[in-house]
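Numbering (full-length UniProt numbering), first residue to last: 1 to 236.
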């Protein structure tokens with residue numbers, strides 16, 4: 001068994017332990033393997049361990065991987081999630097290739113994704129919320145979330161599934177938990193109007209436990225699976 005396969009098994013074990021500890025339903029938290037900057041061979045090892053959901057931050061890199069695996073692994077059902085900031089000139093590639101988008105934070109982006117999602121099943125989307133108020137973080141303000149949710153709900157080629165956040169990087173558990181509970185409360189408010197909202201994409205290697213306690217349904221793990229990243233000169 002490869003190191004990547006061992007890492008995935010270890011992380012899945014941690015997730016199952018946290019589910020039990022916090023009285024979550026078994027297998028209610030999914031592992032999204034964040035594979036940005038990682039080569040095809042690394043993803044192949046993850047697939048061999050049973051991993052099927054992959055998150056990409058860079059559009060062209062992600063599209064190239066999707067095309068490769070569609071050609072060479074067409075009997076394996078993989079699920080591709082775009083989790084990075086979205087530029088207007090990249091929406092067509094995202095709409096035409098990805099299954100999920102986690103990082104919608106503007107009406108313009110939602111509209112473009114809808115208009116460019118042609119002859120495909122609806123794109124499953126999350127609204128990215130800036131829970132920490134940091135200027136350096138992407139995401140919509142809490143108060144603006146409801147208007148964006150209404151717009152997305154009215155677009156036929158998008159399905160609103162929930163929320164995503166990248167909270168402030170803090171080490172103390174109480175602060176981590178408070179940020180995630182804020183997003184969970186926002187999700188509960190949305191569910192009153194949109195019952196299909198069932199997904200909370202929150203939690204990474206350093207705050208996964210707090211995220212699961214607060215109600216995360218999808219944790220995004222990269223380095224703990226694939227090792228340190230080596231960023232390319234051109235990311236798009």
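Ideal placement from N, C-alpha and C gives every residue a C-beta, glycine not left out. The structure presented is a predicted model; accordingly, all values stated were derived computationally and were not measured.
Bridge partners - residue i, DSSP secondary structure assignment
i: residue 84; result: None, per the DSSP bridge assignment.
i: residue 218; result: 30, 201
i: residue 127; result: 104, 163
i: residue 54; result: 33, 80
Through-space distance from residue j to residue i, alpha-carbon basis
i: residue 64; j: residue 26; result: 34 Å
i: residue 30; j: residue 60; result: 25 Å
i: residue 141; j: residue 18; result: 29 Å
i: residue 158; j: residue 224; result: 31 Å
i: residue 24; j: residue 180; result: 15 Å
i: residue 96; j: residue 3; result: 33 Å
i: residue 151; j: residue 56; result: 25 Å
i: residue 88; j: residue 139; result: 15 Å
i: residue 213; j: residue 37; result: 30 Å
i: residue 52; j: residue 34; result: 11 Å
Sub-8 Å separation of residue i and residue j beta-carbons
i: residue 170; j: residue 32; result: no
i: residue 131; j: residue 165; result: yes
Cβ separation of residue i and residue j, assumed to be a contact under 8 Å, to the nearest whole Å
i: residue 86; j: residue 109; result: 5 Å
i: residue 124; j: residue 99; result: 6 Å
Residue i versus the options, residue with shortest Cα-Cα distance
i: residue 161; options: 130, 81, 93; result: 81
i: residue 41; options: 13, 194, 72; result: 72
i: residue 237; options: 199, 69, 118; result: Absent from the structure is residue 237, since the part of the chain shown begins at 1 and ends at 236.
i: residue 47; options: 148, 90, 7; result: 7
i: residue 215; options: 163, 168, 106; result: 163
i: residue 175; options: 208, 194, 79; result: 208
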